[in-house]
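Numbering (the numbering used here), first residue to last: 325 to 571.
Heads up, the thing below is written out as structure tokens.
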Ligand SMILES: [Mn+2]
């Protein structure tokens, strides 16, 4: 069954071993494998397309606790310019932009003399809000995305649905403590604020891992890959991707 599928899918390019064939698999030549990968990538790129107009948003949030300007291009190339007073947060947002292929500019000031809480949360609100604004009515959008991402000894799965309803399921255990001067108790605050502002379902599962830095970084990268997948435009999807007709 599976062999039949792949033979049909790959056509004449490669020949998968038949059950009756006593010879080793001929597909194991590097060239055949390269062809196979190229074909698979191409078949995907036929369906995915860039929107006619790049999806972007600028969000300004000015309160007595934080002053933040965030600019996002969903259809970007991973360019970033992140300036917050929290170095570890900068590192995470740079990874998020880079691996999600979003262009992201964040200029943030905050009352970090109290602690990092307000700034971490409010930066997440502006990025979530920017996604919500940039993707608009979600016409033609894939909507769902998921990524299982390894980082050294950590394995993390993030799944998202841009359904218009905020819900977070968070199965993450991080050893208590700090990464640099960043307290890991702020990590769920960032993801909850992002979830609420972008109106998505976010399921975050860290299956295993030890190192705080690796765990948190794998979460941001996994979110990036999942959101990138979910926000792609697929030319096969006509209109809003919901049987309700709107999201
Ligand atoms: Mn790192």
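For glycine and all other residues, C-beta sits at the position ideal for the given N, C-alpha and C.
Apart from the 5 residues on each side of it in sequence, residue 470 sits with its Cβ closer than 8 Å to the Cβ of 481, 482, 483, 484, 550 and 553 in its chain, given in chain order. In this structure, residue 454 sits near residue 395, with a CB-CB distance shorter than 9 Å.
Put simply, the region 523-542 touches the region 494-512. At least three CB pairs are less than 8 Å apart. A residue is called buried once 16 or more other Cβ atoms fall within 10 Å of its Cβ, and residue 531, having fewer, is exposed.
In the displayed model, residue 374 falls within coil according to three-state DSSP, outside both helix and strand. Relative to residue 445, the option among 472, 372 and 413 whose CA is nearest is 413. The C-beta separation of residue 472 from residue 426 comes to about 20 Å, leaving the pair out of contact by the 8 Å criterion. If you check the C-beta of residue 509 against ligand 1, you find no heavy atom less than 8 Å away. Contact check between the region 499-506 and the region 558-568: fewer than three CB pairs, one atom from each, fall below 8 Å, which does not count as touching. Under the three-state reduction of DSSP output, residue 536 falls in the helix class. Shown in chain order are the residues whose CB sits closer than 6 Å to a heavy atom of ligand 1: 415, 537 and 541.
For the pair residue 479 and residue 510, the Cα-to-Cα distance works out to about 20 Å. Minimum Cα-Cα distance from residue 536 among the listed residues 518, 500, 516 and 520 corresponds to 500. Distance from the Cα of residue 490 is smallest, within the candidate group 521, 451, 477 and 384, for 521. For residue 387, no alpha helix (DSSP H) encloses it, and the DSSP letter there is neither H nor E. DSSP places residue 451 within a helical segment (H, G or I) once states are collapsed to three. The DSSP-derived three-state label of residue 480 is strand. In this structure, the CA atom of residue 423 is about 33 Å from the CA atom of residue 388. Where residue 511 is concerned, the enclosing alpha helix (DSSP H) starts and stops at 511-522. Contact check for residue 571 and residue 462: beta-carbon distance about 5 Å, within the 8 Å limit, so the pair qualifies. Across the structure, residue 435 and residue 417 are spaced so that their CA atoms are roughly 19 Å apart.
Within the region 390-422, the complete beta strand (DSSP E) segments at least 3 residues long are 390-397 and 404-407, listed from N- to C-terminus. Going by DSSP, residue 505 is part of no beta strand (DSSP E) at all; its letter is neither H nor E.
Straight-line spacing of the CA atoms in residue 404 and residue 562 works out to 32 Å. Collapsing the DSSP output to three states places residue 471 in a strand.
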